[in-house]
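Colleague:
So this is what it looks like as structure tokens:
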């Protein structure tokens with residue numbers, strides 16, 4: 035039986051955008067309640083891991099000024115707390131920089147959340163992973179030219195090149211990919227999202243480890259080790 039994704043009744047405050055829109059732009063329709071998320075041991079751990087990824091250049095802002103990279107932890111059911119949109123340029127986040135996604139609908143391309151800022155543009159991708167595998171407690175999405183290229187060159191797990199980030203199509207593709215995996219943690223490339231790499235697993239530590247280890251291996255083969263992305 036196919037996994038049923040959670041849904042919400044969201045008023046279309048944000049018009050649905052074309053799937054070919056520029057990276058970093060929110061493409062879902064949002065209904066957000068202004069609030070500040072509550073802290074938890076897992077969120078503290080996630081925030082520390084995010085700083086490590088930021089220092090490696092796996093989270094940040096590109097030459098066009100668009101932020102990249104987002105991290106999340108499951109709360110209950112398929113709900114999760116995720117770093118908010120447009121926070122990629124910040125090394126250290128506060129609770130105001132996280133958003134609690136309470137439900138989402140792939141069919142309606144909508145996300146319901148609670149937070150001071152809009153949830154990440156990749157919220158539906160994170161949600162699809164949590165919905166597809168109950169064991170998953172953490173998801174991290176980063177950007178790295180070296181790691182992205184290495185994964186595709188190795189023909190490692192990846193979504194199709196014609197599937198754009200932050201779209202219902204990506205959520206469905208990720209749902210299918212996750213449903214086929216038995217071991218955790220998992221890392222895969224988003225072939226249709228340049229430099230985009232996702233890792234997920236049972237806890238923050240294992241997800242951070244698979245990302246950092248894979249990244250370090252990918253740059254060890256580059257002529258210029260100082261090129262960190």
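Numbering (the numbering used here), first residue to last: 35 to 263.
Glycine included, every Cβ here is placed at the ideal spot set by N, Cα and C.
(1) Give me, in chain order, the residues of the same chain whose beta-carbon lies closer than 6 Å to that of residue 76; leave out the 5 immediate sequence neighbours on both sides.
(2) Between which two residues does the alpha helix (DSSP H) harbouring residue 244 extend?
(3) What does a CB cutoff of less than 6 Å around residue 204 pick up in its chain, not counting 5 residues either side in sequence?
(4) May I ask you to list the residues that DSSP assigns as paired with residue 139?
(5) Going by beta carbon distance, what residues of the same chain come within less than 7 Å of residue 155, once the five residues before and after it are set aside?
(6) Under the three-state reduction of DSSP, which class applies to residue 233: helix, strand or coil?
(7) Inspect the beta-carbon positions of residue 132 and residue 149 and report whether they are closer than 8 Å.
(8) Only counting the same chain, and skipping five residues up and downstream in sequence, which positions put a Cβ closer than 6 Å to that of residue 221?
(9) Note down the Cα distance separating residue 115 from residue 185, rounded to an integer number of angstroms.
(10) Under the three-state reduction of DSSP, which class applies to residue 108: helix, strand or coil?
Modeller: Short version:
(1) 107
(2) 238-254
(3) 159, 197
(4) 144
(5) 58, 59, 60, 61, 119, 200
(6) strand
(7) yes
(8) 233, 244, 248
(9) 27 Å
(10) strand
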